[in-house]
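Contents: one structure, followed by commentary.
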Amino acid sequence: MLKSYLELFDEIANIFNKHGFKLYMVGGTSRDFLLNYPVDDYDFATDATPTEMHEFLPDANYRFEKFGTVSLKYEDEHVEITTLREEGEYIDSRHPAYIKFVTDPAKDYIRRDFTINALYIDENYRVLDFCDGLKDLDTNTLRVIGNPYTRFAEDPLRIIRALRFVAKFKLNIDPLTENAIRDLAHLVKKLNPEKVKAEIRKVGEQEQNIFKKLMNMYKL
122 MLKSYLELFD EIANIFNKHG FKLYMVGGTS RDFLLNYPVD DYDFATDATP
172 TEMHEFLPDA NYRFEKFGTV SLKYEDEHVE ITTLREEGEY IDSRHPAYIK
222 FVTDPAKDYI RRDFTINALY IDENYRVLDF CDGLKDLDTN TLRVIGNPYT
272 RFAEDPLRII RALRFVAKFK LNIDPLTENA IRDLAHLVKK LNPEKVKAEI
322 RKVGEQEQNI FKKLMNMYKL
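Take the sequence shown: its position 106, counted from the start at 1, is 227 in our numbering, and no numbers get skipped.
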């Protein structure tokens, strides 16, 4: 599984490189790879815009290209490739007021939720870490990027995601992040119940008990 996954990344990265662009593993993909966990999702980031990807990936799915996201079926695997971007303030607890495509991962990482999900691995398997994500992986720490109160208020679903990651990876919650979870847990009730249920369904069977205890602890 791991070998075929690396081969898949190498092959797609080679396509981008031939056209003058970079490709990175990112998000849960790079996190799980670094933790030596099974890689279930293929999330990549690139400095190529969707318009530029049209030129060399004509058969990809461009349904969400205005958000910078392109879906690709590659050797029976579903791959999601997102253009590096900056985001404006969130206007509806889920979507930013605007997005701006960029070419530098150092500008992209700021929009991501947790430090352990903001690690970029390039085609040479060099890890780009702008927020001590490697340190947090090493110390089993879940920490929000930026002000946790601001980030959870932007998108309260991140609170559920935080507890899901804690249950899955047996993480310790950074004190500032934990305080924000306690103080803002009530915001989860304002979310679309179906979105909350969809996030909860991602909790693995082996993590169910821990996750339920965490939900009760924070009165969710």
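The beta-carbon is built from N, C-alpha and C at its ideal position, and this holds for glycine as well.
1. How long is the line joining the alpha carbons of Met122 and Pro159, rounded to whole angstroms?
2. In three-state terms, what does DSSP make of Pro159?
3. Does Ile212 pass the burial test, meaning 16 or more other C-beta atoms within 10 Å, or should it be called exposed?
4. For Val317, write down the residues that DSSP places opposite it in a beta bridge.
5. Applying the criterion that 16 or more other CB atoms from any shown protein chain within 10 Å of the CB defines a buried residue, is Met336 buried or exposed?
6. Could you name the residues of the same chain whose beta carbon sits closer than 8 Å to that of Thr150, not counting the 5 residues immediately before and after it, in chain order?
7. Could you pull the DSSP bridge partners for Tyr195 from this structure?
8. By the 10 Å Cβ neighbour count, where 16 or more other Cβ atoms means buried, how is Asp394 classified, buried or exposed?
9. Pairs of beta-carbons, one from the region 245–253 and one from the region 170–185, closer than 8 Å: are there three or more?
10. Figure out for me which residue from Ile294, Glu207, Glu128 has the closest Cα to the Cα of Pro226.
11. Under 8 Å, do Tyr339 and Arg303 count as touching if we go by C-beta distance?
12. Alpha carbon to alpha carbon, how far is Gln342 from Lys139?
Let me lay it out:
1. In the sequence shown, residue 122 corresponds to position 1, counting from 1. In the sequence shown, residue 159 corresponds to position 38, counting from 1. With a pLDDT of 46 at Met122, under the threshold of 50, the predicted position of this residue should be treated as unreliable, though the coordinate-derived value follows. Between Met122 and Pro159, the C-alpha separation is close to 8 Å.
2. Locating residue 159 in the sequence shown gives position 38, where the first residue counts as 1. Coil at Pro159, not helix or strand.
3. Translated into the one-based positions of the sequence shown, residue 212 becomes position 91. Exposed, because fewer than 16 other Cβ atoms sit within 10 Å of the Cβ of Ile212.
4. Position 196 of the sequence shown holds residue 317. In the DSSP output, where bridge partners are listed per residue, Val317 has none listed.
5. Residue 336 sits at position 215 when you count from the first residue of the sequence shown. Counting Cβ neighbours within 10 Å, Met336 comes out buried, since at least 16 surround it.
6. On the sequence shown, position 29 is the one that residue 150 refers to. Answer for Thr150: Val160, Asp162, Tyr163, Asp164, Phe165, listed in chain order.
7. On the sequence shown, residue 195 is found 74 positions in, with the first residue counted as 1. Tyr195 is bridged to Glu198.
8. The structure shown does not extend to residue 394, since the chain is modelled only from 122 to 341, so the question has no answer here.
9. no
10. Mapped onto the sequence shown, residue 226 falls at position 105. For the residues Ile294, Glu207, Glu128, the minimum Cα distance to Pro226 belongs to Glu207.
11. The residue labelled residue 339 in the question sits at position 218 within the sequence shown. The residue labelled residue 303 in the question sits at position 182 within the sequence shown. In contact: Tyr339 and Arg303 (Cβ atoms closer than 8 Å).
12. Coverage of the chain is limited to positions 122 through 341, which leaves residue 342 absent and any answer about it impossible.
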